[in-house]
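Residues 273 to 825, numbered by the numbering used here, are exactly what the sequence shown covers, in order.
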Amino acid sequence: MAHPLFERHRATLDAALEAIRVRGYWSAYSEMPSPKVYGETAMQDGKAAIDALRGQEFLLDMPGRIGAVASERSPYGVELSISYPECDPQALIDAGLAAMPAWQKVGADGRTGICLEALQRINQRSFEIAHAVMMTTGQGWMMAFQAGGPHAQDRGLEALAYAWREMSFVPNEALWEKPQGKNPPLTMRKHFEIVGRGVALVIGCGTFPTWNTYPGLFAALATGNAVIVKPHENAILPAAISVRIIREVLAENGIDPNLVTLAVTSDRKTTQALAVNPAVKSVDFTGSNAFGEWLKEHCRQAQVYAELAGVNNVIIESTDDYKGMLKNLAFTLALYSGQMCTTTQAIIVPADGIETDEGHKSFDQIGADLGAALDGLLAKPEIATAVLGAIQSSDTLARLADAAALGEVVVASRKIEHAEYPMAEVRTPIILKCDAADEGAYMQERFGPISFLVRVQNSTAAVALSERLVHEHGALTVGLYSTQPEVVEAVTAATCRTKVALSINLTSAVYVNQSAAFSDYHATGGNPAATTCYADAAFVASRFRVVQRRYHV
Numbered sequence: 273m274a275h276p277l278f279e280r281h282r283a284t285l286d287a288a289l290e291a292i293r294v295r296g297y298w299s300a301y302s303e304m305p306s307p308k309v310y311g312e313t314a315m316q317d318g319k320a321a322i323d324a325l326r327g328q329e330f331l332l333d334m335p336g337r338i339g340a341v342a343s344e345r346s347p348y349g350v351e352l353s354i355s356y357p358e359c360d361p362q363a364l365i366d367a368g369l370a371a372m373p374a375w376q377k378v379g380a381d382g383r384t385g386i387c388l389e390a391l392q393r394i395n396q397r398s399f400e401i402a403h404a405v406m407m408t409t410g411q412g413w414m415m416a417f418q419a420g421g422p423h424a425q426d427r428g429l430e431a432l433a434y435a436w437r438e439m440s441f442v443p444n445e446a447l448w449e450k451p452q453g454k455n456p457p458l459t460m461r462k463h464f465e466i467v468g469r470g471v472a473l474v475i476g477c478g479t480f481p482t483w484n485t486y487p488g489l490f491a492a493l494a495t496g497n498a499v500i501v502k503p504h505e506n507a508i509l510p511a512a513i514s515v516r517i518i519r520e521v522l523a524e525n526g527i528d529p530n531l532v533t534l535a536v537t538s539d540r541k542t543t544q545a546l547a548v549n550p551a552v553k554s555v556d557f558t559g560s561n562a563f564g565e566w567l568k569e570h571c572r573q574a575q576v577y578a579e580l581a582g583v584n585n586v587i588i589e590s591t592d593d594y595k596g597m598l599k600n601l602a603f604t605l606a607l608y609s610g611q612m613c614t615t616t617q618a619i620i621v622p623a624d625g626i627e628t629d630e631g632h633k634s635f636d637q638i639g640a641d642l643g644a645a646l647d648g649l650l651a652k653p654e655i656a657t658a659v660l661g662a663i664q665s666s667d668t669l670a671r672l673a674d675a676a677a678l679g680e681v682v683v684a685s686r687k688i689e690h691a692e693y694p695m696a697e698v699r700t701p702i703i704l705k706c707d708a709a710d711e712g713a714y715m716q717e718r719f720g721p722i723s724f725l726v727r728v729q730n731s732t733a734a735v736a737l738s739e740r741l742v743h744e745h746g747a748l749t750v751g752l753y754s755t756q757p758e759v760v761e762a763v764t765a766a767t768c769r770t771k772v773a774l775s776i777n778l779t780s781a782v783y784v785n786q787s788a789a790f791s792d793y794h795a796t797g798g799n800p801a802a803t804t805c806y807a808d809a810a811f812v813a814s815r816f817r818v819v820q821r822r823y824h825v
């Protein structure tokens with residue numbers, strides 16, 4: 273008999289499975305913060321829940337406590353002062369390993385049902401989590417709600433659906449009969465057990481602490497593994513709330529809640545020691561190239577699923593909607609101040625300019641018009657602060673301050689005062705012009721609101737440069753504006769060779785730096801920007817093993 277939670281949420285799982293099969297639009301969780309969906313007082317209740325945590329200890333009863341950590345500093349200048357339990361890493365590993373046998377006995381259906389219930393509970397707390405995401409990352413409210421809440425939950429559900437699908441291919445048992453001619457057949461009964469590989473370590477990032485955490489968390493959990501969530505030191509709260517909800521659901525279903533724990537530390541050496549522990553069999557990571565490469569080099573005992581840095585780029589060859597193109601690009605560059613792993617950095621344009629529905633536009637004119645579109649988008653402070661959010665890291669502020677020396681400034685960055693949060697560090701993007709030969713400027717990721725108009729000889733050179741950028745430095749997104757079929761074909765071929773997602777002629781309310789769960793494959797794992805994809809079969813299949821037993825009957 274199936275687990276009751278599996279039966280309760282079976283319709284959601286079936287819809288997710290169908291969505292990943294057909295890749296059309298579908299979402300399990302409403303992306304609009306509507307009182308009709310989430311409750312009339314959800315907004316006030318969510319904010320009040322976060323405000324009540326400020327200056328307090330976040331309670332999590334986990335093993336091996338050795339101290340407390342209170343490292344978060346809000347980009348909005350709000351005093352958080354929330355302390356979290358710091359635990360001995362080995363104690364967390366030991367507790368996770370001890371919890372795994374009972375978790376394995378629940379079976380694939382039971383684990384999936386419990387994870388589905390946890391996701392539903394998380395969804396019910398979306399406003400609370402959104403305020404936590406906003407206050408720790410600097411995202412604007414709407415992005416914090418959507419990307420930190422329903423969109424992140426959809427990504428977790430997507431990974432869960434893939435996990436269940438792969439596990440469902442393994443039968444519980446089989447009767448094996450081999451004919452022996454005139455003699456009786458050889459007959460055996462065979463049983464197949466899906467077994468988690470070990471402890472999973474999920475290392476969160478400072479800008480998207482749920483969107484980039486839920487896929488690995490739920491993929492590992494559903495496939496039978498204990499999970500240790502290690503959040504970024506400045507974005508602990510969203511992960512802590514999520515972990516506490518999951519632990520509550522586990523306990524309600526008779527599972528040791530220490531199957532899922534939170535590892536809070538500001539010491540990189542502690543994280544490194546945890547990552548190379550022999551019991552850790554998978555590591556999910558989003559963040560810098562330096563630490564990602566360290567994980568790939570040193571975590572020989574584990575499968576590493578890493579999303580790293582790259583140089584995302586857009587080629588502008590021609591367009592039949594010049595104003596739509598500029599508006600789309602301006603929003604792309606401004607959204608969350610470019611603090612997204614998918615944001616365009618290099619905009620590659622032929623030196624002689626392009627043909628448009630408004631006539632020929634020179635290279636310099638494109639830069640000026642893009643700057644005007646950006647200024648128009650951000651003209652009203654209340655809109656600008658909602659789109660830009662706040663700068664999450666002091667390192668990003670430093671990069672932005674130094675960026676003007678990297679090329680000719682087309683649009684200078686400026687500070688915008690936030691009416692509600694006067695201490696918020698809000699900055700508009702800087703756009704610079706440079707030649708393709710100025711590789712030291714644009715041919716490395718400069719995380720934050722920094723982008724370059726790169727002058728190339730012609731469209732052929734533009735395609736070649738885009739391909740080289742992805743091949744050598746990686747990218748999660750490439751964009752193209754062109755009315756010429758042969759150019760579209762050439763860029764399509766180049767992106768297939770370098771294994772990067774391509775967006776063509778985006779001029780409406782879909783942007784190159786957005787990725788829709790159940791439809792868009794986020795990263796490919798095929799170029800230096802990532803070793804994995806959110807989500808596909810490869811993202812889940814190596815997280816479990818099948819152990820069989822057989823006997824004659």
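Ideal placement from N, C-alpha and C gives every residue a C-beta, glycine not left out.
- Counting other Cβ atoms within 10 Å of its Cβ, R337 stays below 16 and is therefore classed as exposed.
- Spanning the alpha carbons of R740 and G639 requires a straight line of approximately 23 Å.
- The C-beta separation of N600 from T779 comes to about 5 Å, placing the pair in contact by the 8 Å criterion.
- Counting along the chain, the unbroken alpha helix (DSSP H) around V763 starts and ends at 757-770.
- Sequence-distant Cβ neighbours of R516 in its own chain, meaning closer than 7 Å and more than five residues away, are L332.
- For E579, the uninterrupted beta strand (DSSP E) run begins and ends at 575-579, by DSSP.
- Its Cα nearest to that of I386, the residue A433 stands out among P361, M406, A433.
- Per DSSP, reduced to three states, the secondary structure at H632 is strand.
- Here T384 is not near L531, since their CB atoms are 8 Å or more apart.
- When secondary structure is reduced to three states using DSSP, D556 falls in the strand class.
- Collapsing the DSSP output to three states places E680 in a strand.
- Its Cα nearest to that of E680, the residue D636 stands out among L364, D636, L650.
- In the structure shown, N549 falls within a coil segment according to DSSP collapsed to helix, strand and coil.
- Sequence-distant Cβ neighbours of Q573 in its own chain, meaning closer than 6 Å and more than five residues away, are P550.
- Taking C-alpha positions only, I292 is separated from E400 by approximately 29 Å.
- As for any alpha helix (DSSP H) of minimum length 4 sitting wholly inside the stretch 698-733, the runs are 711-714, ordered along the chain.
- In this structure, G661 lies near M415, with their beta-carbon atoms less than 8 Å apart.
- Assignment of beta-bridge partners to W483 by DSSP yields no partner.
- Contiguous alpha helix (DSSP H) elements confined to the stretch 778-819 occur at 809-813, taking only those with 4 or more residues.
- E449: member of the beta strand (DSSP E) spanning 445-452, first to last residue.
- The beta carbon of L669 lies closer than 7 Å to those of I663, E697 in the same chain, with the five residues before and after it left out.
- Ranked by how close their Cα comes to the Cα of E344, the residues V474, L752, R326 have R326 in first place.
- By the Cβ test, the stretch 617-624 is in contact with the stretch 582-601, since at least three Cβ pairs between them sit closer than 8 Å.
- Rounded to the nearest whole angstrom, the CA to CA distance from T804 to F811 is 7 Å.
- In the DSSP annotation of this structure, the continuous segment of the beta strand (DSSP E) that includes K502 starts and ends at 498-502.
- Residues L598, L601, A602, I703 of the same chain have their beta carbon placed closer than 7 Å to that of L642, with the five preceding and five following residues left out of the count.
- V750 places its beta carbon 8 Å or farther from that of A765.
- Bridge partners of G751 according to DSSP: V586, S775.
- Where G526 is concerned, there is no enclosing beta strand (DSSP E), because DSSP gives it neither an H nor an E.
- Of the residues Q756, L748, A781, N777, the one whose Cα lies closest to the Cα of T767 is L748.
- In the same chain as I354, and ignoring 5 residues on each side of it, the C-beta atoms closer than 7 Å to its own belong to L325, R326, Q328, F330, A342, E344, L509, in chain order.
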